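Report on one structure; see the data block that follows.
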């Protein structure tokens, strides 16, 4: 068993590793992260997770529900620390896993991965409390500066393989023209909801970028009755890439390639593209709006639509906002918020979710999206060209609740060891 | 009504006050009576001088929050939200009126309750009566408490009842009984009851809870949390462990000893027992109780000369008790941490007291201690002092230099060079940055200290030449290790070397950014840039990145001296090598390089473009995976090919050079030698920016200025602003010439094309996007920020500077900045403005970088960020950063 594996085992048991090991771990992580682009390319299948916020036991629950590392590939969209009482254990475990399985786990930066924010919302205090000095906090903050700003999930499958027992058997069999688009599972693996869309066979679709969707709550009649007609033919059903970012879009960024031109190794600025990516929120508005958070912007459906179209994206996955149901799709499925901290702050009463994107095996894993390794897309130039509509990837949400008590004990901060005053 | 309540007939002498803008405004003196008019109970005050004049006539309502204070005061809020007060001459008079008010209210409440049986007000007239504290009654007690906790009135009534009946005392025996009976249900109920009691948020209750006979019973009950039925905490075990309290020097005052213990318990309650369930009000009540206790404790300690003497005598070199010395360091560290929360004057007194007793000797002892943890603690204390008052610290240090003693800086620098613990090294870096930071001018210290202190300060003020000399000497010493890179084409660095170099380059970057001119001597004389260039070749990528950051910072300063430095060494060749090594892979190094060239392209930095394309043209042409380099080449070709035409836009030259700045001082006399090639670069004209094209006519006008005057290279060498940041430089030069032509638009600050410009200035890392879709919002946002929080603007004026601030000022500094709300609190701006008046000259250009319209106004508002922050520390500790710092999710 290597030191790293030992550290992982120890952290999984919610026990901290010594300061010297943290330092070493952070240096190793730095070497790894420096090789990552501002936007990391990740191949499906991958499970996308939102905010963790130091809720270590719930992170364990997440791994239980979503599958353990390295069996499942994970992409965490930031906000590992603050608020919860186990920021250190959570972040260090994720970092250990990153160093141990670099290709299996992707970490991108959230707005809480910042010196300023962590000094206010708990991580700094936790480091002082648990290690007696700010050293570990410094090491971690150094790592924060190296974290990627976003990720592109490539080669996600458009259609989901149905999970487990299909209750509305008849509905399915009579609807060969429909494919499973989204599925919601509870933590036991039971399907609680599915949505279907018409199988795409044509390019003669009436020009709408996103196919019609029909929501089918479980066991309620036949789905797809209102589906718009799709003709014959089989134009390549491309599944666009999925952009994962903690906050959202920036008015300064119109193509994904622009993100690559940021020198990300710095404290999260208070404005500018890097700040916006980590701070913005989607909202039911037109265009851009001021953010009540005081950093980043609000952006509307039109912005998302344009951005996705221009960048061959079919979906933006982001975190950053508490959603009581764990996930929330907006703008005709153009963007989704994934939140992975159940019972946030140990009192919000929300459930959490993770988003599974399956691998598209059908066309040999052809990647439609160019990135640094393949030669870049020529961004603006290509925007005039008519693009065939993209299909959004099949999305499987696993919803879970806070970890059972017997597995976690009472969450509490560590008291000071000694006091003089 | 009249039958129920008897109005007082006597006239009571009283003063009437009204709260206007936070001041109690005296409305006059008169005689107060209570009357019932038209079946409405009212309070009248007739003027003493003119009995006809009515000073006050108010209807007693059931709201209004009437309060009786200090026996002679009645305070309430009028329906129009005005706060009023009656100050009675006699307590007896007050009591009479108060009884009247009270009975009227009771009556009204009864009526209201009759109207609405569900009304919350019911509780007000039905004081809570708790059943006897017995196990059998626990369900009822629990239920009653929950019900009462729903409304504020209920909570008040419950608190009163609990305090009056000493109910907690009565409950405690039940914990033991229930434990003996192993009745988990009862224990869970007791836990719930305790939670409810604490969350009543009543100071008296919480104070009672932490007292000696009570605490163990209370936390004992809290060990059985029904939310975690299978768990039991061990709070009692922790809290009864007496060994946790380390008494370095006995504190004689029993009250203070008790306070220390209670404070510790409060902290434990806050952090451990109640951490999950605390609501915001209770959290802040706990915090402020802790705070006030700490103030008392610290005040006691520093006023006890005997104690301090004994404390510092622990460090007597003749004493061999090493453990006790370590504990004493920890003790002082805790004092320093508490001090961070104190108000500035109190903190100053505390530190002054500690220093006079020999705190520096303790720091010196600690930072040389063999145990890294103690070294860390020692530097922490130092950083607390530095954060508190860097000027004071610097003057101590300069005094030492003046007296030919070894200054603290030298000690720290030597330590940094030899320190092997990387955590300590990190901290040392931060401390050195603050200690040597050449930015805070001593004059600012004088102004801040006020006229009476100015004289005192003056004795500390040493000539600028001396300060410069000290800076140069210290820097020379500090950066000496870089010289080891001499003649090493491919440096072979040890792990420790790498750590040291990255810290040194980091410090150097910080100095350059903080002050344009102060470190030029050093960079020039010690050939530092050449060494840093060497680091671009090392295999350690993060070190490369650090070196790259240094050059990126130099570039952003848009300063001819630094530009010349970069073109002399093969800097860009090496940076291009990195691009080649990494491309087309997408990684951090690659992005950082691209961002650097993107910046040159975007800012049209002519001399650099000419140098880079001229010297490395072929290399550039081969990089095609991004269009940055093509853009540079294009720019170059324009510079070469269209020089005739470009003459007409000569003024755009001024854009590149800071020749419009007001020279605040002539301390730096410029670079001695100037490369002829460089000279030529500056005399060649520039092409125009997109956004300037519509100003062609105006530009032409300006370009009529005789060429001699527009020889910006020469001029810029003398004109150094005193207080610069990279962004302001760029902005200044870029914007000033434009203002006359576009004044109207600029003033408004909402013009669509303003935005991309300022956005670009503020964040060099983002590409300029002229006429992007959301422009007004951007500028709107900016304006908004200016209006309410200048500090935020200051912090945001450049990612580079900020990252250094945060990365460098040290944890304590950060904490302070964040906690004190200095990112955006209005009060800070006021204070900053008041206290840093003299610094405003320096600040003007910086403001321009942010908003073109308000530079004049801004000049009054902005001090140097450091001074402003330092000054305001503490006064605002209590404010969180609601004011403008980004709210997190």
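Protein chains in written order, with the UniProt record's numbering: chain A, 1 to 421; chain B, 1 to 889.
Where is the CB? At the ideal position from N, CA and C, for every residue including glycine.
All of these numbers come straight from a predicted model, not from anything done at the bench.
### Query
So which residues on chain B does residue 37 of chain A lean against when the C-beta distance must stay under 9 angstroms?
Within 9 angstroms Cβ-Cβ: 585, 586, 587, 588, 590 and 591.
### Task
Buried or exposed for residue 580 of chain B, please, with buried defined as at least 16 other CB atoms from any protein chain shown within 10 angstroms of its CB.
The residue is exposed, with fewer than 16 neighbouring Cβ atoms inside 10 Å.
### Query
Within 7 angstroms (strictly less), CB to CB, does residue 260 of chain A reach chain B?
Residue-level contact check: residue 260 of chain A touches chain B, since one or more beta carbons of chain B fall below 7 angstroms from its beta carbon.
### Query
In chain B, which residues lie less than 8 angstroms from residue 91 of chain A when you measure between Cβ atoms?
By Cβ distance, chain B contributes nothing, its closest Cβ being about 16 angstroms from residue 91 of chain A, past 8 angstroms.
### Task
Could you check what DSSP says for residue 17 of chain A in three-state terms: helix, strand or coil?
In the structure shown, residue 17 of chain A sits in coil (DSSP, three-state: anything other than H, G, I, E or B).
### Query
Would you say residue 381 of chain A faces chain B, with C-beta separation under 7 angstroms as the test?
Because the pLDDT at residue 381 of chain A is just 44, under 50, the model does not fix this residue reliably, and the value given afterwards should be weighed accordingly. Answer no: the Cβ-Cβ gap between residue 381 of chain A and chain B never drops below 7 angstroms.
### Message
Tell me which residues share the same chain as residue 58 of chain B and place their Cβ nearer than 6 angstroms to its Cβ, disregarding the 5 neighbours each side in the sequence.
### Response
So the list reads 43, once near-sequence residues are dropped.
### Which residues DSSP lists as bridging residue 118 of chain A, in chain order
Within the DSSP bridge table, the entry for residue 118 of chain A names no partner.
### Query
residue 369 of chain B touches chain A at which residues, Cβ-Cβ below 8 angstroms?
Residues of chain A passing the Cβ test: none, with the nearest at roughly 14 angstroms.
### Query
Using a Cβ cut-off of 7 angstroms, which residues of the stretch 229-250 of chain B contact any Cβ in chain A, in chain order?
For the stretch 229-250 of chain B, the residues whose beta carbon sits under 7 angstroms from a beta carbon of chain A are, in order, 230, 231, 233, 238, 244, 245, 246 and 248.
#### Entry: residue 84 of chain B - containing beta strand (DSSP E), residue span
Going by DSSP, residue 84 of chain B is part of the beta strand (DSSP E) stretching over 83-88.
### Query
Which of helix, strand or coil does DSSP assign to residue 182 of chain A?
The answer is strand: DSSP assigns residue 182 of chain A an E or B state.
### Contacts that residue 133 of chain A makes with chain B (C-beta to C-beta distance below 8 angstroms)
Under a criterion of Cβ atoms nearer than 8 angstroms, the residues of chain B adjacent to residue 133 of chain A are, in order, 373, 376, 377, 380 and 423.
### Task
Give the single residue among B/150, B/319, B/180 and B/263 whose Cα lies nearest to the Cα of residue 206 of chain B.
When the alpha-carbon of residue 206 of chain B is set against those of B/150, B/319, B/180 and B/263, the nearest one is in B/263.
### Task
Compute the Euclidean distance between the alpha carbons of residue 145 of chain B and residue 276 of chain B, then round it to the nearest angstrom.
Roughly 20 angstroms separates the two Cα atoms.
### Query
Which of helix, strand or coil does DSSP assign to residue 949 of chain B?
In the structure displayed, chain B extends from 1 to 889; residue 949 of chain B sits before or after that span and is not available.
### Task
Assuming residue 594 of chain B contacts residue 261 of chain A (C-beta within less than 8 angstroms), just tell me the rounded distance between them.
Between residue 594 of chain B and residue 261 of chain A, the beta carbon gap of about 5 angstroms places them in contact (Cβ cut-off 8 angstroms).
### Task
Please name the residues in the stretch 333-349 of chain B whose beta-carbon is closer than 8 angstroms to at least one beta-carbon of chain A, in chain order.
Listed in sequence order: 334, 335 and 338.
#### Entry: Contact set between residue 264 of chain B and chain A, taken where Cβ atoms lie within less than 7 angstroms
In chain order: 419.
### Query
How many whole angstroms separate the CB atoms of residue 532 of chain B and residue 561 of chain B, which I take to be in contact at a CB cut-off of 8 angstroms?
Not confirmed; about 15 angstroms, so no contact.
#### Entry: C-alpha gap between residue 147 of chain A and residue 522 of chain B, whole angstroms
Roughly 34 angstroms separates the two Cα atoms.
### Query
So, helix, strand or coil for residue 104 of chain A, using DSSP?
Under the three-state reduction of DSSP output, residue 104 of chain A falls in the coil class, being neither helix nor strand.
### residue 19 of chain B, enclosing beta strand (DSSP E) - first and last residue
12-20 is the span of the beta strand (DSSP E), which, as asked, contains residue 19 of chain B.
### Query
At a cut-off of 6 angstroms, is residue 185 of chain B close to the ligand FAD when judged by its beta-carbon and the heavy atoms of the ligand?
In the structure on display, the ligand FAD does not appear, and there are no ligands present to speak of.
### Query
So which residues on chain B does residue 265 of chain A lean against when the C-beta distance must stay under 7 angstroms?
Within 7 angstroms Cβ-Cβ: 545, 588 and 592.
### Message
Please return the same chain residues whose Cβ sits closer than 7 angstroms to the Cβ of residue 19 of chain A, not counting the five positions on each side in sequence.
### Response
Cβ neighbours of residue 19 of chain A beyond the five flanking positions: 131, 135 and 136.
### Message
Determine, for residue 138 of chain A, whether the minimum Cβ-Cβ distance to residues of chain B falls below 7 angstroms.
### Response
So, interface residue.
### Query
In angstroms, rounded to a whole number, what distance separates the CA positions of residue 571 of chain B and residue 58 of chain A?
C-alpha separation (whole angstroms): 49 angstroms.
### Task
Could you pull out every residue in the same chain whose Cβ sits closer than 6 angstroms to the Cβ of residue 483 of chain B, ignoring the five residues on either side in sequence?
Counting only Cβ-Cβ distances below 6 angstroms, and skipping sequence neighbours, we find nothing.
### Three-state secondary structure (DSSP) of residue 342 of chain B
Under the three-state reduction of DSSP output, residue 342 of chain B falls in the coil class, being neither helix nor strand.
#### Entry: Positions along the stretch 272-285 of chain B whose CB lies within less than 7 angstroms of some CB in chain A
Within the stretch 272-285 of chain B, the residues whose Cβ lies closer than 7 angstroms to some Cβ of chain A are 272, 275 and 276, listed in chain order.
### Residues that residue 331 of chain B contacts on chain A, provided the C-beta gap is smaller than 8 angstroms
Residues of chain A with a Cβ closer than 8 angstroms to the Cβ of residue 331 of chain B are, in chain order, 420 and 421.
### Query
Which stretch, first to last residue, makes up the beta strand (DSSP E) that contains residue 295 of chain A?
Taken as a continuous stretch (DSSP letters only), residue 295 of chain A belongs to no beta strand (DSSP E), as it is neither H nor E.
### Message
Less than 7 angstroms between C-beta atoms, sequence neighbours within five positions excluded: which residues of the same chain meet that for residue 415 of chain B?
### Response
Excluding sequence positions up to five before and after residue 415 of chain B, its CB lies within less than 7 angstroms of the CB of 367 and 428, all in the same chain and listed in chain order.
### Message
Just to make sure I have the definition right: I need the residues of chain B whose C-beta is within less than 9 angstroms of the C-beta of residue 412 of chain A. Which are they?
### Response
Under the 9 angstroms cutoff, chain B gives 233, 271, 272, 273, 275 and 276.
### Message
Distance check for residue 538 of chain B and residue 86 of chain A, CA to CA, integer angstroms please.
### Response
Roughly 38 angstroms between the two C-alpha positions.
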